[in-house]
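Let me begin by presenting the structure, written as structure tokens, before commenting on it.
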Amino acid sequence: MHQLLKHNGDCLLSHIDGRIKLLTALALLVMVLSAGGWQFPLATAGLCITVCRIRGVPVKTLLLRFAEPCFIILMIVLLKLFFTGTTPLFTFHLNGLQITGYREGLVEGLMIGSRISGAVAVMAALVIFTPFTDLMAALAWLRVPRSFIDITLFAWRYLFLLFDDAKVIYSAQKNRLGYSGYRKGLRSFGTLTGTLVIKAFDSSQSITTAMVQRGYDGTMPMLKQKPFRSVEIAAGCAFLTCMGMLWKI
Amino acid sequence: MVKLLVCAALLLPAAPAHAMHISEGILPLPWAVAWYAAALPFVALGIRQLNVLSRQDLSFKPLAGLMAAVVFIISCMPVPVPTAGTCSHPCGTGMAAILLGPMASTLIASVSLLLQALFLSHGGLSTLGANIVSMGVIGSFAGYLTFKGLRSMGASLAVAAFLAGVQADWATYLATSFELASGIRGAEPFLPLLEKIMLAFVPTQLPLGILEGAMTAGMVVLLKRKRPDILVRMHVIEAGEVKANG
Chain A
3 MHQLLKHNGD CLLSHIDGRI KLLTALALLV MVLSAGGWQF PLATAGLCIT VCRIRGVPVK
63 TLLLRFAEPC FIILMIVLLK LFFTGTTPLF TFHLNGLQIT GYREGLVEGL MIGSRISGAV
123 AVMAALVIFT PFTDLMAALA WLRVPRSFID ITLFAWRYLF LLFDDAKVIY SAQKNRLGYS
183 GYRKGLRSFG TLTGTLVIKA FDSSQSITTA MVQRGYDGTM PMLKQKPFRS VEIAAGCAFL
243 TCMGMLWKI
Chain B
6 MVKLLVCAAL LLPAAPAHAM HISEGILPLP WAVAWYAAAL PFVALGIRQL NVLSRQDLSF
66 KPLAGLMAAV VFIISCMPVP VPTAGTCSHP CGTGMAAILL GPMASTLIAS VSLLLQALFL
126 SHGGLSTLGA NIVSMGVIGS FAGYLTFKGL RSMGASLAVA AFLAGVQADW ATYLATSFEL
186 ASGIRGAEPF LPLLEKIMLA FVPTQLPLGI LEGAMTAGMV VLLKRKRPDI LVRMHVIEAG
246 EVKANG
């Protein structure tokens, strides 16, 4: 998980205003979702992955990010291949049953697959090149309610602590054969969850006490936004115009 | 029907470990927007409730954040599913709904889903609305209503929590199947596709729901044994019930 939660802070893209990156990513996402063919989503995926690789994002990080979407693509392509369409593409026999794959289903499945890969690549590029606090500040600028942002920031801040606690508890349980059978495993998992909840409750009390002593009144101070830079706006617009032309084609 | 079962069996190895969330890009734009529109009122009500509660108790906001982190961690944990031979994950919203109520649980699930979409590619920004509706709204309400209903009928804490966990998980899966079928059907009729998707998920999700129920019951029983004050504070049990049990 730590591998996926890291962001690449040492390149030009990381220093571009978070709001511009977020708006550009959202516009690209809309284009990918509304594209009529498979070419634009795949081109977008290719572009985003290439940029990530050029900027030194490890292949392992990208593979981890794409592992789940790839499984889903596979599942959808299979589902569509065997159940949608009328033009047979291939037929095989399994235990006396005739299974047929259809051309229309394959095309539809691959269309959805290309959309998934394009959208996932856009989000991966956005998150890898944007610090979390910048992303939250950009969401706040987009009028996402402050309470939502506050909770997200709290969750983010204490996620790693709770995750490390969960790992320690899990290892201790495993070393004591806590997962040696389904019955035992269920009990151990319930205990692990309960312990995390207790930790969350206790931490929330101590965090509040510490924050109240520092002047917390129920609202969190948000990062101040710098003014927009015209170069970044121009670059964002130029990029989106090029992608828009590709989308139109 | 036999063909359907064979094909479902073929699809099973591909059933992803994190199928609870609809992946980024699956839903076409109109469906993505429609699910956002369906989710927003519930998230708004959750935020309103949070604001009211945090004015009364300043620790409520940090608590909601930490519970979102717990839900995030729980729904990242691989749980082996005996019938499918694969790993899947619980959703944790039943647990959050029992402790904090369905509205706060919807908000917590939304935060957790946003973090998972951004950093783990589980779910997505375009499918966040759909995932909030299935996991946040339907999962939370199914779990909460089951728990409250059973408790009012005199069921024990463990039984009510177990069935709440089961209901939250299965309801989430039914909703996810519905969303998937409506989003990817193309020109295909809706109901047969829904049937196929549900059939492909059943071998994993049926036992997983039971595992989630056991996890929720285990959590509540542990809290009652070790820290009943938390359950009393969250109005899950009455103070008298703790005293009565010694």
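First to last, the sequence lines map onto chains A and B.
To get the numbering used here, take the position in the first sequence, counting from 1, and add 2.
To get the numbering used here, take the position in the second sequence, counting from 1, and add 5.
Each residue gets a CB set at the ideal place from its N, CA and C atoms; glycine is no exception.
Given the structure is predicted, the values throughout are model-derived calculations rather than measurements.
Collapsed DSSP secondary structure at residue i in the structure displayed
| i | result |
| --- | --- |
| A/Gly103 | strand |
| A/Pro147 | coil |
| A/His17 | helix |
| B/Tyr46 | It is Pro, not Tyr, that sits at residue 46 of chain B in the sequence shown. Of the three classes helix, strand and coil, the one that applies to B/Pro46 here is helix, per DSSP. |
| A/Phe230 | coil |
| A/Thr211 | helix |
| A/Leu91 | strand |
| A/Leu96 | strand |
| B/Ala192 | coil |
| A/Ser173 | helix |
| B/Met72 | helix |
| B/Leu63 | coil |
| B/Ala20 | Here B/Ala20 scores only 43 on pLDDT, less than 50, and its place in the model is too uncertain to base an answer on. |
| A/Pro60 | coil |
| B/Glu243 | coil |
| B/Ala89 | Any reading at B/Ala89 needs caution, since the residue's pLDDT is 48, under 50, leaving its predicted position unreliable; the model's value is listed next. DSSP places B/Ala89 in coil when its eight states are reduced to three. |
| A/Met222 | coil |
| B/Ile27 | coil |
| A/Phe131 | coil |
Residue i, buried or exposed, once every other Cβ within 10 Å from all chains shown has been counted against 16
| i | result |
| --- | --- |
| A/Lys201 | buried |
| B/Asp62 | exposed |
| A/Met77 | buried |
| A/Cys184 | At residue 184 of chain A the sequence reads Tyr, which differs from the Cys that was named. Counting Cβ neighbours within 10 Å, A/Tyr184 comes out exposed, since fewer than 16 surround it. |
| B/Asp174 | buried |
| A/Lys2 | Not covered by the structure: residue 2 of chain A. The range shown for chain A is 3 to 251. |
| A/Met245 | buried |
| B/Ile202 | buried |
| B/Glu243 | exposed |
| B/Ala205 | buried |
| A/Trp249 | buried |
| A/Leu144 | exposed |
| A/Ala174 | exposed |
| A/Thr154 | buried |
| A/Phe203 | buried |
| A/Ile251 | exposed |
| A/Arg55 | exposed |
| B/Ala165 | buried |
| A/Val170 | exposed |
| A/Val214 | exposed |
| B/Ala176 | buried |
| A/Thr26 | buried |
| B/Pro35 | exposed |
| A/Ala240 | exposed |
beta-carbon residue i near the ligand FMN non-hydrogen atom, thresh 8 Å
| i | result |
| --- | --- |
| B/Phe167 | Summarising the ligand content, the structure contains no ligands, and the ligand FMN is consequently not present. |
Within 9 Å, strictly: CB atoms of residue i and residue j
| i | j | result |
| --- | --- | --- |
| B/Ser126 | A/Phe68 | yes |
| A/Ala157 | B/Ala101 | no |
| A/Gly196 | B/Val226 | yes |
| B/Val48 | B/Ile137 | yes |
| A/Gly103 | A/Thr93 | yes |
| B/Gln121 | B/Ala147 | no |
| B/Ile103 | B/Phe152 | yes |
| A/Arg117 | A/Leu179 | no |
| B/Ala44 | B/Gly134 | yes |
| B/Thr181 | B/Gly99 | no |
| B/Ser131 | B/Ala37 | yes |
| A/Leu30 | A/Thr46 | yes |
| A/Ile101 | A/Phe73 | no |
| A/Phe191 | B/Ala186 | no |
| A/Ser206 | B/Leu71 | yes |
| A/Thr210 | B/Pro67 | yes |
**OP:** Check whether the stretch 99 to 108 of chain B touches the stretch 42 to 58 of chain B, taking contact to mean three or more Cβ pairs, one atom from each stretch, closer than 8 Å.
**Re:** yes
Original post:
Given a limit of 8 Å on CB to CB distance, which residues of the stretch 143 to 158 of chain A reach chain B?
Top reply: Pro147, Ser149, Phe150, Asp152, Ile153, Thr154, Leu155, Phe156, Ala157 and Trp158
Subject >> the stretch 106 to 138 of chain B: positions lying closer than 8 Å to chain A by Cβ >> reply: Leu112, Ile113, Ser115, Val116, Ser117, Leu119, Leu120, Ala122, Leu123, Phe124, Leu125, Ser126, His127, Gly129, Leu130 and Ser131
Original post:
Between the stretch 60 to 79 of chain A and the stretch 131 to 143 of chain A, do three or more beta carbon pairs fall short of 8 Å?
Top reply: no
**OP:** Say whether the stretch 114 to 126 of chain B touches the stretch 147 to 159 of chain B, bearing in mind that this needs 3 or more beta-carbon pairs closer than 8 Å, one atom from each stretch.
**Re:** no
**OP:** Would you list, in chain order, the members of the stretch 160 to 181 of chain A that have their beta-carbon closer than 7 Å to a beta-carbon of chain B?
**Re:** Tyr160, Leu161, Leu164, Phe165 and Ala168
**OP:** Determine contact between the stretch 138 to 148 of chain A and the stretch 120 to 127 of chain A, defined as no fewer than three beta-carbon pairs at a distance below 8 Å.
**Re:** no
**OP:** Would you check if there are 3 or more beta carbon pairs closer than 8 Å linking the stretch 112 to 125 of chain A to the stretch 28 to 35 of chain B?
**Re:** yes
Subject >> Contacting positions in the stretch 144 to 160 of chain B - beta carbon closer than 9 Å to chain A >> reply: none
**OP:** Return the residues of the stretch 25 to 41 of chain A that lie within a Cβ-Cβ distance of less than 9 Å from chain D, sorted by chain order.
**Re:** Of the protein chains in the structure, A and B, none is chain D.
Original post:
Taking a cut of 8 Å between CB atoms, which residues from the stretch 225 to 237 of chain B lie near chain A?
Top reply: Val225, Val226, Leu227, Leu228, Lys231, Arg232 and Ile235
Original post:
Using a Cβ cut-off of 9 Å, which residues of the stretch 238 to 249 of chain A contact any Cβ in chain B, in chain order?
Top reply: none
Original post:
Listed from N- to C-terminal order along the chain, which residues in the stretch 101 to 127 of chain A have their beta-carbon within a distance smaller than 8 Å of any beta-carbon of chain B?
Top reply: Ile101, Glu110, Ile114, Arg117, Ile118, Ser119, Gly120, Ala121, Val122, Met125 and Ala126
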